[in-house]
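Undergrad: Please see the structure below; I have some questions.
Numbering (the working numbering), first residue to last: 351 to 858.
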């Protein structure tokens with residue numbers, strides 16, 4: 351036990367990287383477990399599985415009443431998603447105006463996950479045999495509840511990472527470990543639902559598989575976030591005076607690099623459409639749902655490579671690390687891989703006999719490219735976390751004030767917009783091509799639907815990455831300019847600290 355305690359209390363960055371470091375492994379792992387709790391929630395409520403649950407489980411009987419399940423699900427997700435996105439800046443302002451003995455972010459991490467977990471379980475209690483109006487009302491109300499409670503947890507978790515240490519190298523390592531833990535823990539609900547088709551009972555009881563996964567996830571979310579609350583510390587200095595709502599938004603307008611990230615994320619929604627239609631792609635184009643579990647598992651190396659390799663590269667480069675160039679390289683690699691995916695798998699997917707599963711070589715290629723494309727995706731996601739933290743530093747550099755909540759909320763806002771529009775676009779396109787819903791197994795779809803599934807999985811993501819490169823050309827926190835900015839901030843903080851100590855001594 352002594353060795354374990356010694357390890358947990360040791361620093362995560364032991365080498366001289368040219369700046370002061372703070373984080374211990376205890377704090378890093380505790381934060382990462384909170385990220386894992388976030389992953390469990392998004393797996394159940396924001397991933398491809400929620401779309402399939404709505405259209406092929408909860409709303410499966412709507413067709414008998416001349417209602418298109420795709421259209422109903424798309425509308426609910428769209429309007430609830432818009433509300434969710436708008437809710438983020440509001441929560442960001444609340445966080446920035448919070449002053450408690452536990453800090454600005456940690457009180458929300460303590461309580462919000464409890465309410466979130468209860469609502470998540472209630473969401474999957476719905477029955478496909480209930481009246482249509484009840485299903486629509488139940489789903490809409492609980493979606494709003496999920497949005498509010500998850501935002502009350504998500505914004506403080508993200509803002510805590512900006513406040514937990516001023517070191518960019520430590521933050522990248524924090525994000526890397528958090529990414530790995532989130533991918534492992536967050537994948538558990540998805541793997542259970544995907545693997546349900548292999549289990550005797552759940553194979554023919556899909557709703558029960560979702561509910562069971564939600565209940566186990568709820569317990570895990572509450573437990574893991576308590577560890578985050580207990581073992582983390584907010585280190586950024588904030589004035590005792592709470593900023594006004596107007597001041598929070600005024601600081602936001604001064605953030606050019608954040609705006610560039612915002613634009614890049616708007617184009618990124620084209621990439622996320624792939625994830626939203628993945629279940630349909632496997633079931634109805636590959637024509638065998640058993641590939642779902644392999645599609646999910648093979649994405650893990652992407653999280654692992656990003657979580658281990660990216661922080662190592664950044665730590666080795668030290669002050670020479672450049673987030674912008676790393677981001678751009680990830681986009682270029684992703685474009686090449688997605689185009690190769692389209693070229694190599696076209697024949698096996700689009701020219702096979704209708705109603706038959708893909709051949710084993712084609713299935714292996716699809717799984718392989720799914721894993722390969724996940725690597726630049728996750729590396730991009732991880733380095734973007736550090737870029738988001740840099741935008742908070744940028745505003746402090748420009749104005750002398752920090753506003754983690756409102757800055758983080760804009761990136762969370764764009765993430766919600768991505769999920770909302772990518773989900774709605776995926777469902778809308780499938781509905782436009784007259785996709786035929788079905789409760790279990792696979793169904794022969796028309797040519798238009800098959801083409802939509804193929805393009806949304808291969809070519810459309812490549813277009814999204816290409817468009818993302820445009821705003822990145824104008825991202826202005828890079829190279830020597832970034833290093834000068836951080837040095838200025840460090841000197842200002844030291845001056846402020848010295849002045850505060852001098853004032854306290856004079857008053858004493």
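Built from N, CA and C at the ideal position, the CB exists for glycine as well.
1. Quick one: what's residue 361 bridged to in DSSP?
2. Relative to the C-alpha of residue 812, which residue among 685, 521, 788 is closest?
3. Going by beta carbon distance, what residues of the same chain come within less than 8 Å of residue 360, once the five residues before and after it are set aside?
4. Could you tell me the distance, in whole angstroms, from the CA atom of residue 736 to the CA atom of residue 575?
5. Does the region 642-655 touch the region 814-823, meaning 3 or more C-beta pairs lie closer than 8 Å?
6. Can you tell me the Cβ-Cβ gap for residue 496 and residue 473, rounded? I've got them flagged as a contact below 8 Å.
7. Given that a residue counts as buried once 16 or more other Cβ atoms are within 10 Å of its Cβ, and exposed if not, what is residue 626?
8. So what's residue 497 in DSSP terms, helix, strand or just coil?
9. Which word fits residue 693, buried or exposed, when buried means at least 16 other C-beta atoms lie within 10 angstroms of its C-beta?
10. Under 8 Å, do residue 380 and residue 781 count as touching if we go by C-beta distance?
11. Can residue 859 and residue 384 be called in contact, C-beta distance under 8 Å?
12. Looking at the structure shown, is residue 792 part of a helix, part of a strand, or coil, going by DSSP?
13. Can you give the Cα-Cα distance for residue 793 and residue 409, rounded to whole angstroms?
14. Tell me which residues share the same chain as residue 691 and place their Cβ nearer than 7 Å to its Cβ, disregarding the 5 neighbours each side in the sequence.
15. Taking the continuous alpha helix (DSSP H) assigned at residue 769, which residues delimit it?
16. Under DSSP, the alpha helix (DSSP H) around residue 616 begins and ends at which residues?
17. Mind checking which residues open and close the alpha helix (DSSP H) that includes residue 673?
18. Decide if residue 860 is buried, meaning its Cβ has at least 16 other Cβ atoms within 10 Å, or exposed.
19. Does the beta-carbon distance from residue 529 to residue 728 come in below 8 Å?
20. May I have the straight-line CA-CA distance separating residue 798 from residue 804, to the nearest angstrom?
21. Taking the Cβ atom as the reference point for each residue, do residue 791 and residue 672 lie within a distance shorter than 8 Å?
22. Excluding five sequence neighbours on each side, which residues of the same chain lie with their C-beta closer than 7 Å to the C-beta of residue 664?
23. Please identify the residue among 488, 466, 846 whose C-alpha is closest to the C-alpha of residue 569.
24. Helix, strand or coil, according to DSSP, for residue 847 in the structure here?
25. Assess contact between the region 830-841 and the region 705-720, defined as three or more Cβ pairs (one per stretch) separated by less than 8 Å. Is contact present?
26. Between the C-alpha atoms of residue 608 and residue 501, what's the straight-line distance to the nearest angstrom?
27. Please give me, in chain order, every unbroken run of the alpha helix (DSSP H) with length at least 4 that falls completely inside the region 413-493.
28. Going by DSSP, what residue range makes up the alpha helix (DSSP H) through residue 737?
29. Around the Cβ of residue 845, are there at least 16 other Cβ atoms within 10 angstroms (buried) or fewer (exposed)?
30. Assign residue 764 to one of two classes, buried (16 or more other C-beta atoms within 10 Å of its C-beta) or exposed (fewer than that).
31. Can you tell which of 352, 702, 377, 354 has its C-alpha closest to the C-alpha of residue 363?
32. Pick out whichever of 432, 689, 567 has its Cα sitting closest to the Cα of residue 772.
33. Residue 814: which of 355, 682, 653 sits nearest, CA to CA?
34. Express the C-alpha separation of residue 800 and residue 406 in angstroms, rounding to a whole number.
35. Run the CB neighbour count on residue 710, radius 10 Å, all protein chains shown included, and call it buried at 16 or more, exposed below.
TA: This is what the structure holds:
1. Here the question's residue 361 lines up with position 11 in the chain shown. Answer is 374.
2. Locating residue 812 in the chain shown gives position 462, counting from the first residue. The closest CA to that of residue 812, considering only 685, 521, 788, is found on 685.
3. By 1-based counting over the chain shown, the position of residue 360 is 10. So the list reads 374, 375, once near-sequence residues are dropped.
4. Walking along the chain shown from the start, residue 736 turns up at place 386. Walking along the chain shown from the start, residue 575 turns up at place 225. Each residue's Cα considered, the two are about 22 Å apart.
5. no
6. Taking the chain shown and counting its residues from 1, one reaches residue 496 at position 146. Taking the chain shown and counting its residues from 1, one reaches residue 473 at position 123. Indeed, because the Cβ distance is near 7 Å, the residues count as touching under 8 Å.
7. Locating residue 626 in the chain shown gives position 276, where the first residue counts as 1. Label assigned to residue 626: buried.
8. Counting from 1 along the chain shown, the entry for residue 497 is found at position 147. In this structure, residue 497 counts as helix in the three-state DSSP scheme.
9. Against the chain shown, residue 693 aligns to sequence position 343. Residue 693 comes out exposed.
10. Reading the chain shown from its first residue, position 30 is the one you call residue 380. Reading the chain shown from its first residue, position 431 is the one you call residue 781. Against a cut-off of 8 Å, the Cβ pair of residue 781 and residue 380 comes out as no contact.
11. Within the shown structure, residues of the chain are numbered from 351 to 858, placing residue 859 beyond reach of any answer.
12. For the purposes of this step, residue 792 is identified with residue 442 of the chain shown, where counting begins at 1. Residue state, collapsed to three classes: coil.
13. Against the chain shown, residue 793 aligns to sequence position 443. Against the chain shown, residue 409 aligns to sequence position 59. Each residue's Cα considered, the two are about 17 Å apart.
14. One-based indexing of the chain shown puts residue 691 at position 341. Excluding positions up to five away in sequence, the list reads 719, 723, 808.
15. Translated into the one-based positions of the chain shown, residue 769 becomes position 419. Residues 754-782.
16. Within the chain shown, the letter at position 266 stands for residue 616. Per DSSP, the unbroken alpha helix (DSSP H) holding residue 616 starts and ends at 606-626.
17. As a working mapping, residue 673 is identified with position 323 in the chain shown. Where residue 673 is concerned, the enclosing alpha helix (DSSP H) stretches over 673-700.
18. The displayed coordinates of the chain run from 351 to 858. Any statement about residue 860 would go beyond what the structure contains.
19. Working through the chain shown from its first residue, we reach residue 529 at position 179. Working through the chain shown from its first residue, we reach residue 728 at position 378. Cβ atoms of residue 529 and residue 728: closer than 8 Å.
20. Locating residue 798 in the chain shown gives position 448, counting from the first residue. Locating residue 804 in the chain shown gives position 454, counting from the first residue. When rounded, the distance between both Cα atoms is 10 Å.
21. Looking up residue 791 in the chain shown gives position 441. Looking up residue 672 in the chain shown gives position 322. No, the pair does not count as a contact, with Cβ atoms beyond the cut-off.
22. In the chain shown, residue 664 corresponds to position 314, counting from 1. 519, 522, 671, listed in sequence order.
23. Reading the chain shown from its first residue, position 219 is the one you call residue 569. The option with the nearest alpha carbon to residue 569 is 466.
24. Reading the chain shown from its first residue, position 497 is the one you call residue 847. In the structure shown, residue 847 sits in a helix (DSSP, three-state: H, G or I).
25. no
26. Along the chain shown, one-based indexing puts residue 608 at 258. Along the chain shown, one-based indexing puts residue 501 at 151. One C-alpha to the other measures close to 20 Å.
27. 419-446, 456-473
28. Along the chain shown, one-based indexing puts residue 737 at 387. It spans 710-749 - the alpha helix (DSSP H) in which residue 737 sits, taken as one unbroken run.
29. Here residue 845 refers to the residue found at position 495 when the chain shown is read from its first residue. Exposed, by the Cβ-count rule.
30. To locate residue 764, count along the chain shown from 1; it is residue 414. Label assigned to residue 764: buried.
31. Residue numbering aside, residue 363 sits at position 13 when the chain shown is read from its first letter. Nearest option by C-alpha distance: 377.
32. Taking the first residue of the chain shown as position 1, residue 772 is located at position 422. Minimum Cα distance to residue 772 is reached at 432.
33. Here residue 814 refers to the residue found at position 464 of the chain shown. For the residues 355, 682, 653, the minimum Cα distance to residue 814 belongs to 682.
34. Counted from its first residue, the chain shown places residue 406 at position 56. Counted from its first residue, the chain shown places residue 800 at position 450. Taking the straight line from one Cα to the other gives about 18 Å.
35. Taking the first residue of the chain shown as 1, we reach residue 710 at position 360. Exposed.
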